[in-house]
Each structure stands twice: as C-alpha cells, then as structure tokens.
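A.B. asks:
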Amino acid sequence: MNSEENFSFLVEKALEMGAADAKIIPASHICVEDRVVLKCKSGCISYGKKLTCPPYVPTPEQFRKILSEYQYALLVKYLSPAIAEPDIICSIYRYWLDPKAPEDKKRKAQDFWTYHFHGTQNFSPMMLELERLAFNAGYTFALAFMNGSCRLCETCNIEKGLCLHPTQARMTEHAVGINISSQQLTSKL
7 MNSEENFSFL VEKALEMGAA DAKIIPASHI CVEDRVVLKC KSGCISYGKK LTCPPYVPTP
67 EQFRKILSEY QYALLVKYLS PAIAEPDIIC SIYRYWLDPK APEDKKRKAQ DFWTYHFHGT
127 QNFSPMMLEL ERLAFNAGYT FALAFMNGSC RLCETCNIEK GLCLHPTQAR MTEHAVGINI
187 SSQQLTSKL
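Numbering of the sequence shown is given in the numbering used here, commencing with residue 7 and proceeding in unit increments.
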C-alpha cells in the first residue's frame with residue numbers, strides 16, 4: 007500500500023473539517039532552513055516569550071535530525087478569513103506595531119490580525135484532531151504543528167518553563183526552521 011492509501015483517512019478528515027487542501031508528502035520534501043528561525047529572532051514579537059517558539063524549541067539542526075526519523079508528513083492548507091488592502095499587507099507589521107503609524111492604517115492592520123488570529127485559532131483544534139486520529143491509528147509519533155505563535159494563554163509560563171496546556175499547545179512550523187514557502191512544499195498544494 008502506498009503512502010496516500012495508508013494516510014487517506016487523514017486527508018479525508020482534514021478536508022471534511024474545512025481544510026482547503028491536504029496532501030501526504032515524503033518527509034524528505036520538507037525544507038528546514040536556519041534562516042527561517044532568523045526571521046523569528048529579528049522580527050517576531052513572540053520571540054523568547056512562548057514555550058512553543060524559539061529559543062525553547064528544537065533548533066533547525068536538531069529538527070533536521072528529528073525529521074529524518076519520519077517517512078511521511080501531512081501537509082494541510084487552511085485559508086485565513088483575514089483580508090487587507092495590498093498597501094497594508096506590504097507593511098503589516100510596521101502599521102501594526104509602529105506607534106507613529108497613521109491611525110487608519112494601524113486600525114486596518116489591527117483588524118487584519120484580529121480576523122487572522124481568530125481564524126487560525128479555529129484551525130488548532132482541527133490539527134489536534136488529525137494528530138489524535140493518526141496516533142490512534144498506530145502512528146504514535148504523529149505531531150501537529152500550528153501556524154503562528156501559541157495564543158492559549160495571555161502570558162506564557164516562561165519563568166517556570168512548564169506549559170499550562172501541554173495537550174493543546176504545539177510548536178509553529180517556522181519555529182523549528184520549516185520553510186513553508188519553499189518550492190518543494192508550495193508545489194504540493
């Protein structure tokens with residue numbers, strides 16, 4: 007039986023739960039790059055503030071080794087309900103975070119993130135359900151990744167180093183260096 011047949015139940019469930027697309031791909035097609043985490047370090051407001059983000063997660067080097075122990079991955083595409091004008095999207099972080107940004111653009115950027123965060127919060131339970139289904143089917147090392155930093159707690163329990171929601175919190179794919187925009191992955195969906 008090929009990989010698609012083995013995991014077709016996961017693809018079907020992902021689509022049933024609202025995924026725009028889902029595909030089984032060889033784990034070797036996942037592109038892990040050190041430069042992806044560099045973006046976390048030099049631009050993400052969550053860097054060092056969440057246990058599911060760098061520097062609290064495996065480095066790209068460590069993750070490459072972990073990934074080599076997997077044969078297949080389920081790539082799931084969800085569409086965010088967030089929309090914004092092109093000029094807002096081009097400078098979304100500047101308009102969102104810069105106190106000197108024009109108020110109308112700041113509001114539009116905030117609206118975008120509100121809709122985006124609300125939409126991605128809806129995807130997390132779906133990914134956890136896919137992880138649970140894979141686990142129950144005998145794939146005990148199945149692990150879901152979530153897009154975007156964890157938003158389960160207002161403030162992460164960094165000081166104690168212990169996640170308060172370990173059954174729900176998952177790392178984001180880019181935190182370990184997965185380049186979700188790589189040609190190898192984007193051509194799959």
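Quick reminder that beta carbons are idealized off the backbone N, C-alpha and C, glycines included.
Could you tell me how far apart the beta carbons of Ala26 and Tyr62 are, in whole angstroms, since I believe they sit closer than 8 Å?
C.D. replies: Between Tyr62 and Ala26 the Cβ distance is about 30 Å, and since that is not below 8 Å, they are no contact.
A.B. asks: Which residues in the same chain as Ala20 place their Cβ atom closer than 8 Å to its Cβ, once the five residues preceding and following it in sequence are excluded?
C.D. replies: Contacts found: Ala28, Leu80, Val82, Met132, Leu136.
A.B. asks: Whole angstroms are fine: how far does the CA of Pro64 sit from the CA of Lys71?
C.D. replies: C-alpha separation (whole angstroms): 10 Å.
A.B. asks: Measuring CB to CB, does Phe69 end up less than 8 Å from Gly167?
C.D. replies: Contact flag unset, no.
A.B. asks: Quick test of your reading: Lys114 and Ile89, contact by CB under 8 Å. State the CB separation rounded to the nearest angstrom.
C.D. replies: Rounded, the Cβ-Cβ distance is 10 Å, inconsistent with contact.
A.B. asks: Would the beta-carbon of Gly154 fall within 8 Å of that of Thr120?
C.D. replies: No.
A.B. asks: Please state the DSSP three-state secondary structure of Asp27.
C.D. replies: Three-state result, Asp27: strand.
A.B. asks: Enumerated in chain order, which unbroken segments of the beta strand (DSSP E) with a length of 3 residues or greater are wholly contained in the segment 45-83?
C.D. replies: The qualifying runs are 78-83.
A.B. asks: In terms of alpha-carbon separation, which member of Tyr101, Met152, Gln127, Tyr78 lies closest to Lys112?
C.D. replies: The residue with the shortest Cα to Cα distance from Lys112 is Tyr101.
A.B. asks: Return the bridge partner residues of Ile98 from the DSSP annotation.
C.D. replies: Per DSSP, none; premise fails for Ile98.
A.B. asks: Taking all protein chains shown into account, decide if Ser130 is buried (16 or more other Cβ within 10 angstroms of its Cβ) or exposed.
C.D. replies: Under this definition Ser130 is a buried residue.
A.B. asks: Between the beta-carbon of Ala175 and the beta-carbon of Leu149, is there less than 8 Å?
C.D. replies: No.
A.B. asks: Cα separation between Tyr53 and Ala181?
C.D. replies: If you take the alpha carbons of Tyr53 and Ala181, they lie about 9 Å apart.
A.B. asks: Decide if Pro92 is buried, meaning its Cβ has at least 16 other Cβ atoms within 10 Å, or exposed.
C.D. replies: Label assigned to Pro92: exposed.
A.B. asks: Taking the CB atoms as reference points, tell me whether Cys46 and Pro60 lie closer together than 8 Å.
C.D. replies: Contact: yes.
A.B. asks: If you draw a straight line from the alpha carbon of Ser74 to that of Glu67, how long is it in whole angstroms?
C.D. replies: Looking at the two C-alpha atoms, the distance is approximately 11 Å.
A.B. asks: For Gln127 and Lys56, what's the separation of their Cα atoms in angstroms?
C.D. replies: Looking at the two C-alpha atoms, the distance is approximately 16 Å.
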